[in-house]
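Novice:
In this note's numbering, the protein residues as written are 84 to 311.
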């Protein structure tokens, strides 16, 4: 059986219950995908940067999810630095991952979220980036991608091209990483996801939106750049 290996990367900071809820939804989605893809063997490893949490997030994750590999940050990494540290840890593991999956801990995933993500990837011959479409609790599009600055795209049953990509749940094949690398060091917190998608497009790599919503994540623009 061919083994498909995915490294999930996330970074967290002082929101223990949000992190635990997000991870529970992630593991539920992983289980659902594994049951759906019976002809393939799917391995998921989770790499989480604990960027100086003082609310017990690291200990709580270690207790409930002992398989999560926790990397300690210095408290000043923010989203960009924390994601790079987790990503680099996955690379340094020596495991040849087929995919890197970005995950924001405040995203609550539907159980079929990863099925939606991998379906888009499989439908495209060349390596492409797939970003998950999210709605808020009120049902309106909240994250995923934009074609212009002020317009969050709604999924329409097809794999739409995205100009500006949000980093809440993003599937990056190894082939894409090998061409454009990681999130750029220039971006401490915000805009690193936009930049990554734009760099991909400049290298003729498609950035596509899932054909339906993959979960719930309320808008929190007012929090940037102070919080994760």
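Heads up, the beta-carbon is just placed ideally off N, CA and C, and yes, glycines get one too.
1. Contact defined as beta carbons within less than 8 Å: I believe residue 280 pairs with residue 247. What is the distance between those atoms, to the nearest angstrom?
2. Which of the three DSSP states, helix, strand or coil, is assigned to residue 151?
3. Report the residue ranges of all beta strand (DSSP E) runs contained in full by the region 99-141; include only those spanning at least 3 residues, in chain order.
4. With 16 as the cutoff for other CB atoms within 10 Å, does residue 229 come out buried or exposed?
5. Within 10 Å of its beta-carbon, does residue 208 have 16 or more other beta-carbons around it, so buried, or fewer, so exposed?
6. Pair every Cβ in the region 128-144 with every Cβ in the region 192-206, then say whether three or more of these pairs are closer than 8 Å.
7. When the Cα of residue 101 is compared with those of 143, 114 and 91, which residue comes out closest?
8. If you count every other CB in all the chains shown that lies within 10 Å of the CB of residue 306, and 16 or more means buried, which is it?
9. Under the three-state reduction of DSSP, which class applies to residue 265: helix, strand or coil?
10. Return the Cβ separation of residue 217 and residue 298 in integer angstroms, given the expectation that the two are a contact with Cβ distance under 8 Å.
11. Please state the DSSP three-state secondary structure of residue 230.
12. Given this structure, state the Cα-to-Cα distance separating residue 150 from residue 292, to the nearest angstrom.
13. What did DSSP end up calling residue 174 once you bin it into helix, strand or coil?
14. Let me confirm a value: residue 85 is counted as buried when at least 16 other C-beta atoms fall within 10 Å, else exposed. Which label applies?
15. CB-CB under 8 Å to residue 219, same chain, minus the five flanking residues each way: which ones, in chain order?
16. Would you mind working out which of 96, 164, 117 and 124 sits nearest residue 274, comparing C-alpha positions?
Specialist: Looking at the atomic coordinates:
1. Translated into the one-based positions of the chain shown, residue 280 becomes position 197. Translated into the one-based positions of the chain shown, residue 247 becomes position 164. Confirmed, Cβ separation roughly 6 Å.
2. Position 68 of the chain shown holds residue 151. Note: residue 151 maps to coil in three-state DSSP.
3. 124-133
4. For this step, residue 229 is matched to residue 146 along the chain shown. Residue 229 should be labelled buried.
5. Along the chain shown, one-based indexing puts residue 208 at 125. Burial call: exposed.
6. no
7. The residue you call residue 101 lines up with position 18 of the chain shown. Considering only alpha carbons, the answer is 143.
8. As a first step, residue 306 is located in the chain shown; it is residue number 223 there, counting from the start. Per-residue confidence for residue 306 stands at a pLDDT of 42, beneath the threshold of 50, marking its modelled position as unreliable; no derived number is given.
9. One-based indexing of the chain shown puts residue 265 at position 182. Residue 265 falls in the coil class under three-state DSSP.
10. Numbered from 1 along the chain shown, position 134 holds the residue referred to as residue 217. Numbered from 1 along the chain shown, position 215 holds the residue referred to as residue 298. Confirmed, Cβ separation roughly 6 Å.
11. The residue labelled residue 230 in the question sits at position 147 within the chain shown. Strand at residue 230.
12. As a first step, residue 150 is located in the chain shown; it is residue number 67 there, counting from the start. As a first step, residue 292 is located in the chain shown; it is residue number 209 there, counting from the start. Their backbone Cα atoms lie some 29 Å apart in a straight line.
13. Along the chain shown, one-based indexing puts residue 174 at 91. Residue 174 falls in the helix class under three-state DSSP.
14. As a first step, residue 85 must be located in the chain shown, where it is residue number 2. Exposed, by the Cβ-count rule.
15. As a working mapping, residue 219 is identified with position 136 in the chain shown. Cβ neighbours of residue 219 beyond the five flanking positions: 225, 299, 300, 301 and 302.
16. As a working note, residue 274 is residue 191 in the chain shown. Comparing Cα-Cα distances from residue 274 to each of 96, 164, 117 and 124, the minimum goes to 164.
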